[in-house]
Every structure is written in structure tokens, then in C-alpha cells.
Amino acid sequence: MDGHLDGSSDGFAGRMEVIEGRSGRRQLSEVERARIAAESHVPGVKVADVARRHGVTRWQVYDWRRKLAAGKLALPEDAVSEPAFAALVVEPTAPEPRCKPRVKSGKASARIELVVAGITIRVGSDIEEEHLVRVIRAVRAAYQ
Numbered sequence: 084m085d086g087h088l089d090g091s092s093d094g095f096a097g098r099m100e101v102i103e104g105r106s107g108r109r110q111l112s113e114v115e116r117a118r119i120a121a122e123s124h125v126p127g128v129k130v131a132d133v134a135r136r137h138g139v140t141r142w143q144v145y146d147w148r149r150k151l152a153a154g155k156l157a158l159p160e161d162a163v164s165e166p167a168f169a170a171l172v173v174e175p176t177a178p179e180p181r182c183k184p185r186v187k188s189g190k191a192s193a194r195i196e197l198v199v200a201g202i203t204i205r206v207g208s209d210i211e212e213e214h215l216v217r218v219i220r221a222v223r224a225a226y227q
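All residue numbers for the sequence shown refer to this note's numbering, where the first residue is 84 and numbers rise by one.
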């Protein structure tokens, strides 16, 4: 804001003009905010560095990251270099096995087979979810 004061010698202003204009704030589009939030998710990148580079605050970037995760901000298709989800491959069903499944303590054991980053992970169906998540994260981290 710009102000102009006409005052008398006793210190009181007789007239004041206020000129309003642009506030100096940039209005980023939704696409720009989504790109900045996605840039801050790159492994090894600090949110503060991304915010500084784009002239915004860390808290704005954190807010945009939260909105991006909640689906309230969306990246345009051309901004994403890799698919956001793994491709689903459905193989034809195999014929029924001729042998019976292995039985441990009265339960049939099934196997789960996952392919993560080109690595095949085979586990029993009795694996704890937390342990499986740690294994998948370790494989992803090792091959990025």
C-alpha cells in the first residue's frame, strides 16, 4: 500500500490517501501447486528447498502435499513420467493341482508371490502384514 499524508505542524493528519493495487502475492494455479507438491515427494528432496526454489512457504507445500494425497489436487497426465499404480496382470488360471496342499497344524498353507521392482517375493499366507510391508519397502528402496 502507498500512503500520502497531509498534516499540520501539530502531528495530526488532515487527509490520507490509500492506493490499492496488487498485494504482491502470486496466485499459483492448481496444476502448479500439484507439481510443487509432487516435486517435494522425490526421495532425498527437502520440502524447505522446494519451497524456497518456488518462492512459497514450507507450510504451503505441506498443505498441497496433504491435498494431493487426499485427491483434492491432481497432477495433469503429462506431468507424471511413470504410472502412479502398478500394472495389473491377470494370468490364465492354471489347472487344479493333482496333489493336496501342505497342511501345517490343521491349516492349509497358501503362498503369496509378489513382483516388486523386478524382484520376486514369495511368502506364506500367514505372514504378518507389517513384516510384508517392511520387506516391500526395503526392496523398493534398494532398487530405486
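The beta carbon of each residue, even a glycine, is placed where N, CA and C say it ideally should be.
Bear in mind that the values here come from a model prediction, so they are computed numbers and not experimental data.
Asked                                                                                                                            : Found
Using CA coordinates, which residue listed in Asp132, Glu115, Arg223, Leu156 is at the minimum distance from Thr203?             : Arg223
Between the alpha carbons of Asp146 and Ile219, how many angstroms are there, rounded?                                           : 28 Å
Pull up the distance between the alpha-carbon of Met84 and that of Gln143, whole angstroms please.                               : At Met84, the pLDDT of 47 sits below 50, so the modelled position is not reliable; the number obtained from the coordinates is stated separately. Approximately 24 Å, taken between the alpha carbons.
Between Ala157, Pro175, Met99, Ala120, which lies nearest to Arg141 when the distance is taken from Cα to Cα?                    : Ala120
Taking only three categories from DSSP, how would you classify Ile210?                                                           : coil
Would DSSP call Arg109 helix, strand or coil?                                                                                    : coil
Report the residue from Tyr226, Gly201, Leu197 whose alpha carbon sits nearest the alpha carbon of Val216.                       : Leu197
How far does the alpha helix (DSSP H) with Leu151 in it reach, from first residue to last?                                       : 141-153
Let me make sure I understand the geometry here. Which of Arg116, Glu211, Val206 has the alpha-carbon closest to that of Arg194? : Val206
Quick check on DSSP: helix, strand or coil for Leu156?                                                                           : coil
Among the candidates Val101, Tyr226, Gly201, Ala117, whose CA atom is the shortest distance from the CA of Lys155?               : Ala117
Can you grab the Cα-Cα spacing for the pair Leu151 / Leu158, in whole Å?                                                         : 8 Å
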